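Numbering (my numbering), first residue to last: 23 to 231.
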């Protein structure tokens, strides 16, 4: 196994679960929230900053100003003057590249496909699902009424879309931004994992020949 797998995902599509099961199948690590911890450690920014800015493109000027007080780790003046949301992105960007250089893995979200655009041994995936399936999943996971789940899905998808479109040169969820886009509601989580596993195995065979 030599491939790095990145996963973009709609909220409620089971993208993270698919990523974790793919990683288990191939015996490699899966990075989701763990990526934030790695970026915080490497950059010297406090972990709470990464949690607050996770896949969110912008925040208020006042919040940036206040949180800048707590940031440290980079000495370049341009970095010091940069909004905290940009610092978080750059720290994540660096962490994603370092993780990829360490070997095959699965990285969920956070523009990983864009960060690794210069890496040759990558397969970029997008997991989506029909709205009813996502509402059901989120309702059960967070114990919400369907209307509240729908609102949460709309908000999270908008955040992820804005973040991706703001920081990358591609469009979130558009088929031509990825190598493979899969509707997880058609095959279920395990069926989706099986399909992608076959795709990755075929990709590796083709690249070895």
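Glycine residues also receive a C-beta, built at the ideal position from the N, C-alpha and C atoms.
Computed from a prediction, not measured in an experiment: that's the story for all the values here.
Which of the three DSSP states is assigned to residue i in this structure?
i           : result
residue 196 : coil
residue 31  : strand
residue 191 : coil
residue 135 : helix
residue 228 : helix
residue 168 : helix
residue 154 : helix
Among residues of its own chain, excluding the 5 on either side of residue i, which ones have a beta-carbon nearer than 6 Å to its beta-carbon?
i           : result
residue 190 : 133 and 136
residue 30  : 148
residue 144 : 26 and 138
residue 38  : 54 and 130
residue 111 : 189
residue 41  : 29, 52, 128 and 130
Tell me the DSSP bridge mates of residue i?
i           : result
residue 236 : Only positions 23 to 231 of the chain appear in the structure, and residue 236 is not among them; the question remains open.
residue 144 : 26
residue 161 : None; residue 161 has no bridge partner.
residue 202 : 147
Enumerate in chain order the residues of its own chain whose CB-to-CB distance from residue i is below 7 Å, with the five nearest sequence positions on each side excluded.
i           : result
residue 217 : 204 and 209
residue 141 : 26 and 122
residue 72  : 58, 61, 62 and 110
What's the gap between the Cα of residue i and the Cα of residue j?
i           : j           : result
residue 171 : residue 46  : 29 Å
residue 162 : residue 168 : 9 Å
residue 67  : residue 177 : 26 Å
Quick test of your reading: residue i and residue j, contact by CB under 8 Å. State the CB separation rounded to the nearest angstrom.
i           : j           : result
residue 193 : residue 187 : 6 Å
Go through its chain and collect everything with a Cβ distance to residue i's Cβ below 8 Å, but skip five positions before and after it.
i           : result
residue 174 : 33, 160, 164 and 166
residue 116 : 61, 64 and 65
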